[in-house]
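Report on the following structure.
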């Protein structure tokens, strides 16, 4: 008969806040609570093994992923609430059965009956689901979560626990015996945890005797294992020597030690259980303290400390949506983790002058109640100003009737008032369920802004309800906010020296950024003092606790796999997004909902999800707003990824684990270091052990950026030896970016499953012809190499999707062999085209391209031949209906910009970026550009007509660069309403430009303006002063008198840029 259960609230409180009180609350409660903790630890251990298995994708070929993922989801949801277990013994047995399946059938990958296995898993899932109550939302478990959460401390039972843990996963015992061993292992785990907990406490007299018993039983258990292993070894030796099958059977019966060992373990188990029951008397406990709820305080608003430029884009985007001319009530939900600045951003919007002018009525509602009736009362009081008596829930009134009455009151109040309502800290959907219908019929332009950590609490996205995900700050934004929050004058040299460490510690989280600035302001301005503070901040997991919980509890498996991949990169490493996406694609990571969706788009969506969930920090963006680099915040490296490495998704540190992904960080503590760089590097005659270490590796990345020939030779030798030992047979990724001239021998051709070969920045001089044997290669990155000619075999690589070449070394294609073509090529970047290049019936057969970058140059005096090639290039580009990004450069024999005969691109509806260098032969080409363009760069175009009058109506254009000699006219006009989305404008080297006019309401969202070497421009346009969004203004290589007028704060020219936050004039 099961003892009564503790209530859920007491259980949560005890587990998370008063473990000490839990042990001694009563003779009845303590054993029961410890029983729950023990079952929880078993559950977490098995969950860790299961998570490892799924993340490593060992068993995908069996077709049982769905069953395993369902079980994992059940365990993950209920891991903290083992107090809801209905039949503890049944759950325990089911978990042991699951552990058997993992160890015996899946990890060992022995021959299994898939149907029988699927049936077994369904039975286990039925028991687990039925025995675990799923009525409550899961609490915090990240502090105790480890994928193999069996931390063996330096205590008296540690050696025993270690031996039993090892024995439980081996096949020396039959399943019933292994289950018994696991039970004893878990009992010792409970003793270990208790001993760790009382380490600093003084033992009572009876406690000393109890401790002696612990030592005795530990020694007995250790002796039993030693004896079993010795006799087991003897049995195996005898079996080898025996010839007669009958004699083998007889001797087996005589020598088999398992029966005696099982009896011994059973007796030890009973003894350990008896010792565990008496553990509470080992020390004197203080009286229990009963605190049902910990102290909680609302997050403080840090708007006063925030640098507005750090949130400039966010504020502009939300304000633009709030000010839309739409009579319907619109809502915008600002979503993000705690401390990311939701409340602060909402406060800045609330106080914005344009917002105050647009909305005659405004109210700030700090949501502090979870119940629909109390929350409704709060809203009614803070919005309408009604007294308690007017909004009270009357006696004998049904809740639905009360809510209906309040909705009518609120609707009547709002009917003729245009309101801005801020609901700050919405944590449950109950409030919106209660009041949401009140606003659905409002047609006076009222707007609602929610701030919340949970998307579940806000209205579903629709034409009237929008969600804005607040991201971690970029490095530039972080630095601006950090320096703004400093309260003391800090030497510039110190800031420069500590900048990178500060950025990594902050991780882009505003709460940490501001707190760190304030803390460092109070310390001595020395490297030593600041380093100590940074170390303390790195160890503090509290600001990131909610995000860590999200990873452990809610993040789906496909996103966890993507997140794990960050662990392959060195700590703090800024990862180029193009590199990360290509690696994910090569490994097939991500979730593909639509079978026609490109794998690159799937990976990009996964990265966007991780950024939106504040798991990944975008550290740097390109001027056009696209993500350039990203990284995992330090906190995740410190508090999550280090433990998650136990999953063996990442590099292993022992030959007993099956390594799937290896990264060489040039660190001697890593197991791979000695194999690649050590003095005893293996040779082909002495490296049989490599097979067991690297046979299952699917990704190999090297970060050996040392100068000289040594890095290339060492990685080349390592690959040769491993491949000769049949390692890397499943290798999909070989990333040697920045490894100087890696030695690529013919052995590489045996990597038949390779999908990604990264050789960027390697200075490699020649690409081996055997590259064509890599028939599954999808990405070949040769940018920043010295390769100038591709072998003809490149045409045979029909799976190739992305080919990056170095545009500085005139890398050419050779003619296409008959019946060969790279039919799936999506990216061709950095290719050199001259008079001899195979454009017709060669390059122009590549019609699936989405990114194309060409440099066309005349290398002889054959002008007509080169013009014919350029004409063929123009025809080829016009056929590329999927094109998204185009870069074309045309030069003559003297390397001067030359003819660029581009044809109409109006039908290229996917084209978003275009970069053209050369004289545009088609003068009307600008009017034939697609409406989808976001980014345009023109250089040496020799346009006679004002390009502003043609380009200003492109609805999505955000980035415009008019470079040297792109425009030959002397006047330029930006008309009212033109460039509605433009963010960045560069005017460089427009030597003929004299007058530039910016009319009212032109470029309303411009943020960055740069003018360079426009020698004849007489003055800044007056309209610049009206662009209130302008934050960055750069002026360089301009006449001195022009610059001096702007620098003079008394001159009218200076007032045109007085509102700009950052001004630079060279």
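Residue numbers (the UniProt record's numbering): 1 to 1066. All C-beta atoms in this analysis are idealised placements derived from N, C-alpha and C, irrespective of residue type, glycine included.
Query raised in the report: Is the stretch 483-492 touching the stretch 444-462, taking contact as three or more C-beta pairs under 8 angstroms?
Result: no
Query raised in the report: Which class does residue 874 belong to by DSSP, given the choice of helix, strand or coil?
Result: helix
Query raised in the report: Which of helix, strand or coil does DSSP assign to residue 823?
Result: coil
Query raised in the report: What residue range is occupied by the uninterrupted alpha helix (DSSP H) comprising residue 452?
Result: Here residue 452 belongs to no alpha helix (DSSP H); instead the beta strand (DSSP E) covers 447-452.
Query raised in the report: Is any heavy atom of the ligand NAD found at a distance shorter than 7 angstroms from the C-beta of residue 511?
Result: For the ligand NAD, the structure offers nothing, since it holds no ligand at all.
Query raised in the report: From the DSSP output, which residues share a beta bridge with residue 576?
Result: 629
Report task. Specify whether the stretch 611-618 and the stretch 490-499 touch according to this definition: at least 3 beta carbon pairs, one from each stretch, less than 8 angstroms apart. Result -> no
**Report entry** Cβ-based neighbour list, residue 720, same chain, cut-off 7 angstroms, excluding 5 preceding and 5 following
**Finding:** 745 and 747
Query - Nearest residue (CA-CA) to residue 977, options 91, 996, 1004 and 554 - result: 1004
Query raised in the report: Are there 16 or more other CB atoms within 10 angstroms of the CB of residue 461, so buried, or fewer, so exposed?
Result: exposed
Query raised in the report: Closest to residue 640 by CA distance: which of 544, 440 and 694 is it?
Result: 544
Query - Of the residues 406, 914 and 715, the one placed nearest residue 392, counting alpha carbons only - result: 406
Query - Rounded Cβ spacing between residue 577 and residue 628 (contact assumed at less than 8 angstroms) - result: 6 angstroms
Report task. At 4 residues or longer, and completely inside the stretch 436-514: list those alpha helix (DSSP H) runs for me, N to C. Result -> 475-485 and 492-506
Query raised in the report: residue 755 bridges to which residues according to DSSP?
Result: Beta-bridge pairing links residue 755 to no other residue.
Query - Close Cβ partners of residue 72 (< 8 angstroms) along its chain, the five nearest in sequence each way excluded - result: 47, 50, 51, 54 and 557
Query raised in the report: Which of helix, strand or coil does DSSP assign to residue 1059?
Result: coil
Query raised in the report: Using a Cβ-Cβ cut-off of 7 angstroms (strictly less than) and excluding sequence neighbours within five positions of residue 177, which residues of its own chain qualify?
Result: 258 and 262
Query raised in the report: Buried or exposed: which applies to residue 565, given that a residue is buried once 16 or more other Cβ atoms fall within 10 Å of its Cβ?
Result: buried
**Report entry** Opposing strand residues paired with residue 617 [DSSP bridges]
**Finding:** 631
Query raised in the report: How many whole angstroms separate the CB atoms of residue 448 and residue 421, which I take to be in contact at a CB cut-off of 8 angstroms?
Result: 5 angstroms
Report task. Please name the residue, chosen from 1048, 232, 476 and 539, that lies closest to residue 510 on a Cα-to-Cα basis. Result -> 476
Report task. With distances taken Cα to Cα, identify the nearest neighbour of residue 158 among 660, 179, 173 and 187. Result -> 187
Query raised in the report: What do you get for residue 145, buried or exposed, if any count of 16 or more other CB atoms within 10 angstroms of its CB means buried?
Result: With a pLDDT of only 29 at residue 145, under 50, the local geometry of the prediction cannot be trusted, and no value is derived from it.
Query raised in the report: Is it the case that the Cβ atoms of residue 762 and residue 791 are separated by a distance below 8 angstroms?
Result: no
Query raised in the report: Going by Cα to Cα distance, which pick from 843, 789, 778 and 810 is closest to residue 797?
Result: 778
Query raised in the report: Buried or exposed: residue 818, going by 16 or more other Cβ atoms within 10 Å of its Cβ?
Result: exposed
Report task. Could you please give the first and the last residue of the uninterrupted alpha helix (DSSP H) stretch that includes residue 856? Result -> Premise fails: residue 856 lies in the beta strand (DSSP E), 851-857, not in any alpha helix (DSSP H).
**Report entry** From 331, 962 and 766, residue whose alpha carbon lies closest to that of residue 446
**Finding:** 331
Query raised in the report: Near residue 1017, which residues of its chain fall below 6 angstroms by C-beta distance, leaving aside the five closest residues on each side in sequence?
Result: 993
Report task. Go through the stretch 389-427 residue by residue and report every complete run of the alpha helix (DSSP H) that reaches 4 residues or more, in order. Result -> 399-414
Report task. Could you spell out where the beta strand (DSSP E) holding residue 361 opens and where it closes? Result -> 361-366
Query - Other residues of its chain near residue 888: CB distance less than 6 angstroms, five sequence neighbours each side excluded - result: 854 and 916
Query raised in the report: Can you tell me whether DSSP reads residue 835 as helix, strand or coil?
Result: coil
Query raised in the report: Whole beta strand (DSSP E) runs in the stretch 539-576 with 3 or more residues, listed along the chain?
Result: none
Query raised in the report: Excluding the five sequence neighbours on either side, which residues of its own chain have a C-beta within less than 8 angstroms of the C-beta of residue 958, listed in chain order?
Result: 624, 625, 934, 935, 981, 982, 983 and 984
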